[in-house]
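Visitor: Below are the structure tokens for one structure; questions will follow.
Numbering (mature numbering (1 follows the signal peptide of the UniProt record, and there is no 0)), first residue to last: -25 to -1, 1 to 337.
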């Protein structure tokens, strides 16, 4: 594995890539955004005051959602960036009052869509690109994605709990083309968030970028080694770095400012998210769903989230952020600016918990 001259000059902390905010990822505007707020203003067509207001509303909705998730009847939620309203789905009408007492709207549904997701995960139907809970407020169905023109698949679940849609086949973004960022076994990928644990310091990245034991070399020996890696199933890895690399909580924006990560509170569906893409720069969009399953050619990955932001070849592992909160790292996706984009993100918190790591926040 090797670092490009640009990353070698910046050091590990400066190479961390991420941002915050929502917007249409379906945009051909690649104008440089000097701060995360600039990216929100550009991509969502907001004023600075509106962008700040959106971030504040999202932060409050995230706290409310975390409280609602402790209810036994909780079945997911969604945040409307226009009205700034959080809607929480519950499977028991008696829980609606508790949701409303928290300051959210309640939607009573017949079933938790995660039950359908788990059934599809277990069946692993062929000829399907992926599936995820419908983020629409009040919906308890699961969206199942198929290739254009593909025959209706045998899903093994009742027809009324799913909705079929056509979508572009997903792909991972680590490509064997060498060059920038870092590479392991010739796969060019991107550094994610700094983390530490059990006496080790390093960064999170995509699991398909390297296997346990893979290294990326420096002029005088290895600069880092993959200590943990999982793919498929999940798509994450932890790369332990060696001196002189120093971990930080910073995310690069390729311009004048860097974003400091302060935590990893999950943002509600509908919140603004951004990716700091080495390919396209700051790209912002909307968190569309969680608990997405994606069927890559290499195997199925579960528990992802999806957002309409753009990433490109070599962006695997790039960080996705809402405000100053780490959300996840790029696993894969489809599309390009101007043609419509989807990115699939590996949730960051499950990786931290699985490997006993702590996100670097100062």
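All residues carry an ideal CB built from backbone N, CA and C; glycine is no exception.
1. In chain order, which alpha helix (DSSP H) runs of at least 4 residues are fully inside the region 46 to 89?
2. To which residues of the same chain is residue 109 closer than 6 Å at the C-beta, ignoring the five residues directly before and after it?
3. Contact check, residue 282 vs residue 254 under 8 Å by CB: the rounded distance?
4. Mind checking which residues open and close the beta strand (DSSP E) that includes residue 283?
5. Exposed or buried, what is residue 227 when buried is set at 16 or more other beta-carbons lying within 10 Å of its beta-carbon?
6. Is the distance from the Cβ of residue 26 to the Cβ of residue 165 below 8 Å?
7. So the alpha helix (DSSP H) residue 330 belongs to, where does it begin and stop?
8. Do you know offhand how far residue 70's Cα is from residue 13's?
9. Return the chain-ordered list of same chain residues with a C-beta closer than 8 Å to the C-beta of residue 171, the five sequence neighbours on each side being excluded.
10. When DSSP builds the beta bridges, which residues end up paired with residue 108?
11. Go ahead and pull the three-state DSSP assignment for residue 31.
12. Quick one: what does DSSP say residue 42 is sitting in, helix, strand or coil?
13. Identify the continuous beta strand (DSSP E) that holds residue 225 and give its terminal residues.
14. Helix, strand or coil for residue 210 per DSSP?
15. Going by C-alpha to C-alpha distance, which of 300, 297, 305 and 248 sits closest to residue 276?
16. Please confirm if the region 127 to 135 is in contact with the region 261 to 272, defined as three or more CB-CB distances below 8 Å between the two stretches.
17. Quick check: the region 235 to 245 against the region 297 to 311, are at least 3 beta-carbon pairs closer than 8 Å?
18. CB residue 123 to CB residue 100, shorter than 8 Å?
19. Determine the DSSP secondary structure at residue 311, reduced to helix, strand or coil.
20. Distance, Cα to Cα, residue 80 vs residue 259?
21. How would you call residue 37, buried or exposed, if buried means at least 16 neighbouring beta carbons within 10 angstroms?
22. Compare the Cα-Cα distances from residue 175 to each of 72, 214 and 183 and report the closest residue.
23. Since residue 181 and residue 210 are thought to touch, with beta carbons under 8 Å apart, how far apart are those beta carbons, to the nearest angstrom?
24. Just verifying my parser: in three-state terms, what is the DSSP assignment at residue 260?
25. Residue 12 by DSSP, collapsed to three states: which one?
26. Please list the terminal residues of the continuous beta strand (DSSP E) segment that includes residue 295.
27. Look up residue 156 in the DSSP assignment and say whether it is helix, strand or coil.
28. Whole angstroms is fine: what's the gap from residue 66's alpha carbon to residue 48's?
29. Determine the closest residue to residue 31 out of 52, 51, 56 and 17, with distance taken between C-alpha atoms.
30. My assumption, with CB atoms under 8 Å, is that residue 189 sits in contact with residue 201. Please give the rounded CB distance.
31. Which partner residues does residue 177 have in the DSSP bridge list?
32. One question on the structure: do residue 169 and residue 198 come within less than 8 Å of each other, judged by their Cβ atoms?
33. Put residue 198 into one of helix, strand or coil per three-state DSSP.
34. My output table needs one value for residue 333: the three-state DSSP class, helix, strand or coil.
35. Could you compute how far the alpha carbon of residue 156 sits from the alpha carbon of residue 256?
36. As a quick exercise: from 90, 53, 315 and 73, pick the residue whose alpha carbon is nearest that of residue 45.
Guide: On the basis of the coordinates in this document:
1. 71 to 76
2. 116 and 118
3. So it is not a contact: roughly 16 Å between Cβ atoms.
4. First-last for residue 283: undefined, no H or E at that position.
5. buried
6. no
7. 323 to 330
8. 40 Å
9. 177, 222, 332, 333 and 335
10. 117
11. helix
12. The answer is helix: DSSP assigns residue 42 an H, G or I state.
13. 225 to 227
14. Three-state result, residue 210: coil.
15. If we check each option's Cα against that of residue 276, 305 comes out closest.
16. no
17. yes
18. no
19. strand
20. 26 Å
21. buried
22. 214
23. 5 Å
24. Three-state DSSP puts residue 260 in a strand.
25. Helix at residue 12.
26. 294 to 297
27. coil
28. 5 Å
29. Answer by Cα proximity: 56.
30. Rounded, the Cβ-Cβ distance is 5 Å, consistent with contact.
31. 170 and 215
32. no
33. strand
34. strand
35. 13 Å
36. 73
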